[in-house]
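Heads up: the sequence shown begins at 1 in UniProt numbering, then just goes up one per residue.
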Amino acid sequence: MSVTPTLSISCITCVQQGEEGGNNKGHESPGKIRLDSFVSAKPYGGTGGGPWDDGMYHGVREITVASGLCIDSIRVAYDKDGELVNADKHGGDGGSVNPQIKLEYPDEFLVSVSGNYFEAPWAVSNGRNPVVIRSLKFESNRRTFGPFGIEVGTPFSFTVEDGGQIVSMKGRSGFYLDAIGFHIAHAPKKKLFRRVKGAPYGGTGGGPWDDGMYHGVREIAIASGLCIDSIRVAYDKDGELVNADKHGGDGSNVNPQIKLEYPDEFLVSVSGNYFEAPWAVCNGRNPVVIRSLKFESNRRTFGPFGIEVGTPFSFTVEDGGQIVGMKGRSGLYLDAIGFHIAHAPKRKLKMHGTCNTREGRCNCKREVSGRDEIERFWGMPRFQA
């Protein structure tokens, strides 16, 4: 059974930390978390090895994980007043070191850690097989890293609510990483992005992918036939065009490329259909794939691409938002698709007009922001008779 706590940091003042980090109790109050306080919870995993606690910092900047049959070790680098601080390595010297996770702190910060723990059959401690962490997956407000290790055993998941971040880690370790826990605090004030919770639309075949989060979507290329074979998205990052990887296979025809006039035009909705593909078999079953896609900007509609047959779905952001990144699953086809959202660009609208002072009204050229401002200034009295 998976345990998924979602902690609200808006109603917790502080939590006292036990010596081993395993007997912490929170004191709830209607106030906000203090800058120098934190929330702590009992670590996930076993009771072997010895306790460790990296302490409290402003955020997580780098994570190094070594893994094989389980998580052999973890080492985290934190931010403290803008300086990089390397904590100790926790665990043994075995396993292969995975590519280092580097967050673009403070714009990117850690919001979720999940994984599995189990009894290691190859090890014996006090006549029993010790419980160790077997897999870990990390999620920032922009991207997903991992999983590292093997996703077998009892699953766990730790996620903070919007407005929070994981600022340090603790746990137990010996020859392996026996247990892991977390401290959380408020996310950096300059946070812009927001994660979209929930699984992508579609099936569970293929492998997971996540383009991450950018300032907006600029181009989309779709290949489709009997279903959506592949998708490739180009994003905007600080005014530069960034091409993400293609997700899916090489079949079918490439449709005309979607080009948005970003930042004045941005993506606000994606809809489509998914169904069981009768021509494909995976593990004795027909895999569920995306069969059609339709995209909508704040100005136009593109598509549908593919065939509009199957279970329909629709994802639409509220006014003032935009889709800034995509994620999903893919193999020979596009199996599933999901989204990240953020605030839409704030642009000034230019208005052109001519003065007519004799009538006491003015349509001068001026720049304002938003529809309310247009209605307020366009043609308003300038001179009173």
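The beta-carbon is built from N, C-alpha and C at its ideal position, and this holds for glycine as well.
Sequence-distant residues of its chain with Cβ nearer than 6 Å to residue i (five each side left out)
i: Gly77; result: In the sequence as presented, Gly is not what sits at residue 77; that position holds Ala. Within the same chain, Ala77 has close Cβ partners Arg61, Glu62, Leu84 and Asn86.
i: Thr204; result: none
i: Val242; result: Tyr235
i: residue 415; result: Outside the displayed range of the chain (1 to 385) lies residue 415, so it cannot be described from this structure.
i: Gly225; result: Ser252
i: Tyr262; result: Gly216, Arg218 and Asp236
i: Met213; result: Arg142, Phe193, Val324, Gly325 and His340
i: Ser135; result: Gly115, Asn116, Pro147, Gly149, Ile150 and Glu151
i: Asn98; result: Val65 and Phe148
i: Pro304; result: Ser292 and Lys294
i: Ile71; result: Ile133, Leu136, Gly149 and Leu177
i: Phe118; result: Arg134 and Gly153
i: Arg172; result: Gly49, Pro51, Asp178 and Ala179
Own chain residues within Cβ distance below 8 Å of residue i, not counting five before or after
i: Asn273; result: Ile290, Arg291, Ser292, Gly306, Ile307, Glu308, Val309, Gly310, Thr311, Pro312 and Phe313
i: Thr301; result: Lys294 and Phe295
Bridge-paired residues (DSSP) for residue i
i: Glu119; result: Val131
i: Ser271; result: Lys294 and Ser314
i: Pro155; result: Asn116
i: Leu334; result: Ser330
i: Trp209; result: Gly328
i: Asn243; result: Ala234
i: Val288; result: Glu276
i: Leu110; result: Ser140
i: Tyr44; result: Ile180
i: Ser125; result: Arg128
i: Gln257; result: In DSSP, Gln257 forms no bridge with anything.
i: Tyr201; result: Ile337
i: Gly91; result: Ser73
i: Gly248; result: Ser230
Proximal residues to residue i (C-beta, below 7 Å), its chain only, five neighbours per side dropped
i: Lys89; result: Ser73 and Arg75
i: Gly68; result: Gly94, Gly95 and Ser96
i: Lys246; result: Ser230 and Arg232
i: Glu108; result: Ser140, Asn141 and Arg142
i: Gly206; result: Arg329, Ser330, Gly331 and Asp335
i: Met56; result: Phe38, Val167, Ser168 and His183
i: Glu359; result: In this prediction, Glu359 has a pLDDT of 42, which is less than 50 and means its spatial position is unreliable; what the coordinates show is noted afterwards. Cβ neighbours of Glu359 beyond the five flanking positions: none.
First and last residue of the uninterrupted beta strand (DSSP E) at residue i
i: Pro312; result: Thr311 to Thr316
i: Leu103; result: Here Leu103 belongs to no beta strand (DSSP E), and DSSP marks it neither H nor E.
i: Met169; result: Gly164 to Ser173
i: Tyr235; result: Ile228 to Lys237
i: Glu219; result: Gly216 to Ser224
i: Phe266; result: Note, Phe266: premise wrong, no beta strand (DSSP E); not H, not E.
i: Leu177; result: Leu177 to His186
i: Gly146; result: Thr144 to Gly149
i: Thr301; result: Thr301 to Gly306
Beta strand (DSSP E) runs contained entirely in the region 50-88, provided each spans 3 or more residues:
The qualifying runs are 50-53, 59-67, 71-80 and 83-86.
So does the region 200-219 actually touch the region 326-338, counting three or more Cβ pairs closer than 8 Å?
yes
Using 8 Å as the cut-off, can you tell me whether the region 150-166 makes contact with the region 216-231, which would need three or more C-beta pairs spanning the two stretches below that distance?
no
Is it a yes or a no for the region 122-133 touching the region 173-185, going by three-plus beta-carbon pairs under 8 Å?
yes
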